[in-house]
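Peer 1:
Okay, here's the thing in structure tokens:
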């Protein structure tokens, strides 16, 4: 027998000091949510989904509500879920207007023969399986708008939010 | 980006990762998160991983699969994550972080970015952090 564990993260980046406390409270709540599902008899997949839904619903994190914005001020989200027992996987890419992309990823895993659906196809699939679309504004926070205003260039975002060494000559992309 | 890895009492593992991407990304750009072996990986024979950071770098490094491959050699979970992140930094100049759990319940977290928020519960006890070390 194994001692059950639920581990969560809220993203690796240059988290500013004003978000430290909220971010820590958020990951602690998400770990508790998943652990509660696990100890109540839920599967490891149930627990992983529950923790990530908790994080997606927390606007302090870049996922679900609170997602950052594309260059044209839209929200496009990606998610994946994998069952290590069967190695079945489900994923969505560039999905819009849903609260919990990880739930759609799980539907892809369980209801299709595919691994990933993207864009309009992912949204149509979600709608066909009863996932309610939300107004795009529901997902957008003032912080996301402020951050986009500050970083209007992808390479600047990468440098300022992830790097800790000298500025790279080129990212090779975008 | 957010993520979760789990192992249950029977050693069954799972991972999940979700993201809004990166600010000012090109519309239609998809990063590492939904890619098996990059944004996440789970195999009951080894364990589960969820990654976060610069998506293009993580995809090039196949970071989640890299970490589980090292875990499979018997390295500790934390050392395996450090190995994967060091490889990504040295080869691609990319930065990020990861959480992982082995099928035996060993936990690891590590990051090469300035910070990463993480938390885990094992045996009913909550652990958490945000700063390096």
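Residue numbers (the working numbering), protein chains in the order written: chain P, 346 to 519; chain Z, 5 to 137.
For glycine and all other residues, C-beta sits at the position ideal for the given N, C-alpha and C.
With a cut-off of 9 Å, does the C-beta of residue 91 (chain Z) fall near any C-beta of chain P?
Peer 2: Chain P, which has no Cβ nearer than 9 Å to the Cβ of residue 91 (chain Z), makes this no.
Peer 1: Step through the CB atoms of chain B and report whether any lies within less than 9 Å of the CB of residue 455 (chain P).
Peer 2: Annotation note: the requested chain B is absent from the structure, which comprises protein chains P and Z.
Peer 1: Going by beta-carbon coordinates alone, are residue 2 (chain Z) and residue 41 (chain Z) separated by less than 9 Å?
Peer 2: The shown model of chain Z, from 5 to 137, leaves out residue 2 (chain Z), and the question about it has no answer.
Peer 1: Smallest Cα separation from residue 18 (chain Z): which of Z:30, Z:43 and Z:117?
Peer 2: Among Z:30, Z:43 and Z:117, the Cα nearest to that of residue 18 (chain Z) is on Z:43.
Peer 1: For residue 31 (chain Z), which of P:361, P:397, P:420 and P:368 has the nearest alpha-carbon?
Peer 2: Closest option to residue 31 (chain Z), Cα to Cα, is P:420.
Peer 1: Under DSSP, the alpha helix (DSSP H) around residue 369 (chain P) begins and ends at which residues?
Peer 2: That run of the alpha helix (DSSP H) goes 362 to 384.
Peer 1: For residue 519 (chain P), name the three-state secondary structure that DSSP assigns.
Peer 2: A caution first: residue 519 (chain P) carries a pLDDT of 29, below 50, which makes its placement in the model unreliable, though a value can still be read off. Residue 519 (chain P): coil per DSSP, three-state reduction.
Peer 1: Grouping DSSP H, G and I as helix and E and B as strand, with all else coil, what is residue 447 (chain P)?
Peer 2: In this structure, residue 447 (chain P) counts as helix in the three-state DSSP scheme.
Peer 1: Can you tell which of Z:6, Z:134 and Z:33 has the C-alpha that lies nearest to the C-alpha of residue 416 (chain P)?
Peer 2: Closest by alpha carbon: Z:33.
Peer 1: What does residue 103 (chain Z) touch in chain P if you count any residue whose Cβ is under 8 Å from its own?
Peer 2: Those within 8 Å of residue 103 (chain Z) in chain P are 352, 353 and 354.
Peer 1: Give me the chain P residues within the contact set of residue 18 (chain Z), using Cβ-Cβ distance strictly less than 9 Å, ordered along the chain.
Peer 2: What residue 18 (chain Z) touches in chain P: 388, 389, 390, 391, 392, 393, 394, 426, 427, 428, 429 and 430.
Peer 1: Look at residue 103 (chain Z) and residue 132 (chain Z) and say whether their C-beta atoms are less than 9 Å apart.
Peer 2: No; because the gap between Cβ atoms is not below 9 Å, this pair is not in contact.
Peer 1: In chain order, which continuous runs of the beta strand (DSSP E) of length 3 or greater are located wholly inside the stretch 44 to 122 of chain Z?
Peer 2: Taking only runs of at least 3 residues, the beta strand (DSSP E) segments lying wholly in the stretch 44 to 122 of chain Z are 44 to 47, 51 to 57, 100 to 106 and 111 to 115.
Peer 1: Rounding to the nearest angstrom, what Cα-Cα distance links residue 410 (chain P) and residue 82 (chain Z) in this structure?
Peer 2: For residue 410 (chain P) and residue 82 (chain Z), the distance between alpha carbons rounds to 30 Å.
Peer 1: To test your reading of the DSSP string, which unbroken alpha helix (DSSP H) runs of 4 or more residues are found completely within the stretch 376 to 444 of chain P?
Peer 2: Listed in chain order, they are 389 to 401.
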